Amino acid sequence: MAAMQESEAKRLRRDSGTGNGAAAGEGEDPALHSPVSGFTTERVLRDSAREKTLFVHGKIDDQEAIVILEKTPIRQDTVDEMLKTSTLKLEMKNDIYSTYQLQAPAHLNEIKTTVICPATEKHVKKYLRQETFLIEESGDDYTAITLPYISSQSFSVQWVYNILEKKAEADRIIFEDPDPNIGFVLLPDFKWDQKQLHDLYLIAIVHRKDRKSLRDLTSDDLPLLKNIQEKGQEAIKKQYGVPPSKLRVYLHYQPSYYHLHVHFTSLEYDAPGSGVERAHLLSDVIQNLQADSQYYSSRTITFPLCADNALLLRFKEAGKL
Ligand code: M7G
Numbered sequence: 001m002a003a004m005q006e007s008e009a010k011r012l013r014r015d016s017g018t019g020n021g022a023a024a025g026e027g028e029d030p031a032l033h034s035p036v037s038g039f040t041t042e043r044v045l046r047d048s049a050r051e052k053t054l055f056v057h058g059k060i061d062d063q064e065a066i067v068i069l070e071k072t073p074i075r076q077d078t079v080d081e082m083l084k085t086s087t088l089k090l091e092m093k094n095d096i097y098s099t100y101q102l103q104a105p106a107h108l109n110e111i112k113t114t115v116i117c118p119a120t121e122k123h124v125k126k127y128l129r130q131e132t133f134l135i136e137e138s139g140d141d142y143t144a145i146t147l148p149y150i151s152s153q154s155f156s157v158q159w160v161y162n163i164l165e166k167k168a169e170a171d172r173i174i175f176e177d178p179d180p181n182i183g184f185v186l187l188p189d190f191k192w193d194q195k196q197l198h199d200l201y202l203i204a205i206v207h208r209k210d211r212k213s214l215r216d217l218t219s220d221d222l223p224l225l226k227n228i229q230e231k232g233q234e235a236i237k238k239q240y241g242v243p244p245s246k247l248r249v250y251l252h253y254q255p256s257y258y259h260l261h262v263h264f265t266s267l268e269y270d271a272p273g274s275g276v277e278r279a280h281l282l283s284d285v286i287q288n289l290q291a292d293s294q295y296y297s298s299r300t301i302t303f304p305l306c307a308d309n310a311l312l313l314r315f316k317e318a319g320k321l
């Protein structure tokens with residue numbers, strides 16, 4: 001996959017060409033309205049030289065906002081054009097070695113930008129770099145501590161309903177099974193710019209609204225889970241040419257958004273949240289539920305939480321940490 005074929009690159013470009021699909025601004029020329037031009041920076045929440053990302057908190061027109069900037073990977077299919085059309089400034093030369101600053105033309109030098117506005121305090125905490133702690137949550141802890149917290153404080157899932165009701169991102173959907181019980185919508189995660197397969201990232205969002213997370217699953221959900229696994233993998237193979245053996249398919253526990261969804265990421269990509277402390281492989285989930293219908297409602301599940309996460313405070317108050 002690293003050596004992406006020219007035809008695949010074209011398919012990605014073609015397929016991602018129209019997909020800006022936000023609820024507000026559908027059909028708008030993005031160049032006419034730049035929400036970030038009025039952004040005033042307050043503080044950097046997180047940055048990573050290795051990942052080439054910067055998370056900034058600030059304001060847009062007096063509203064709290066978070067802007068995420070990410071330098072995107074250099075694409076194999078644009079290398080020739082980049083080397084031919086860029087300007088080069090020599091930094092140093094020594095024997096057979098030389099280094100330069102290359103200034104690429106604007107269209108080959110994009111920065112993926114995500115804007116969250118208005119952002120809540122919870123969004124700020126989500127992106128702030130913080131110390132993390134592992135929590136061990138028993139089935140009883142879930143009922144007594146986590147469930148009341150989720151009901152009162154979790155992130156809005158309006159964006160999920162917008163997708164399911166085709167009010168946003170409708171043009172980005174790559175597959176849908178409309179069945180109200182076992183159906184789902186499969187579309188690119190907003191972390192993926194769809195320019196290359198290396199960091200392929202899609203999410204399958206279930207149509208039913210009564211499953212918050214892994215904890216709610218029983219053997220009754222096996223048809224739903226198997227459907228997502230089979231049809232999701234099939235659709236990704238058909239659309240992107242990526243076979244199931246190259247996909248990591250998993251659920252997060254805890255998720256950020258409590259409406260059941262499944263992550264599909266490229267095996268080559270070290271996706272954020274794909275570590276053992278948060279990701280549960282869908283194939284393991286299916287097998288565990290086949291062995292024990294109450295597996296996820298009863299067992300202790302371990303997950304990481306950031307230092308000032310409100311749920312972590314609740315576990316502390318209950319003397320569980
Ligand atoms: P999660 O496991 O609930 O939480 O996954 P996480 O964000 O901490 O991983 C939700 C997934 O949905 C993440 O991979 C997000 O990047 C993705 N996502 C979040 N939002 C708000 C959107 C959105 O508006 N559109 C799309 N396509 N993906 C989103």
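Numbering-wise, the UniProt record's numbering puts 113 at position 113 of the sequence shown, and it's gapless, one number per residue.
C-beta: ideal position from N, C-alpha, C; glycine also.
Given the structure is predicted, the values throughout are model-derived calculations rather than measurements.
{"Query": "CB contact flag (residue 212, residue 258, <8 Å)", "Result": "yes"}
{"Query": "Nearest-angstrom Cα separation, counted from residue 174 out to residue 78", "Result": "25 Å"}
{"Query": "For residue 201, the residue or residues it bridges with in DSSP", "Result": "265"}
{"Query": "Length at least 3, wholly inside the region 227–293: the beta strand (DSSP E) runs in chain order", "Result": "247–252, 261–266, 279–281"}
{"Query": "Reduced DSSP secondary structure (H/G/I, E/B, other) of residue 139", "Result": "helix"}
{"Query": "Distance cut-off 7 Å: residue 263 Cβ against heavy atoms of ligand 1", "Result": "yes"}
{"Query": "Environment of residue 261 [buried if 16+ CB atoms lie within 10 Å]", "Result": "buried"}
{"Query": "Which of helix, strand or coil DSSP assigns to residue 193", "Result": "coil"}
{"Query": "Cβ-Cβ distance between residue 311 and residue 142 below 8 Å", "Result": "no"}
{"Query": "Backbone secondary structure at residue 151 - three-state DSSP", "Result": "helix"}
{"Query": "Per-residue burial, residue 199 [other beta carbons within 10 Å of its own, 16 or more giving buried]", "Result": "buried"}
{"Query": "Beta bridge counterpart(s) of residue 177 as assigned by DSSP", "Result": "184"}
{"Query": "Continuous beta strand (DSSP E) assignments of at least 3 residues falling wholly in the region 105–134", "Result": "111–116"}
{"Query": "Proximal residues to residue 108 (C-beta, below 6 Å), its chain only, five neighbours per side dropped", "Result": "78, 82"}
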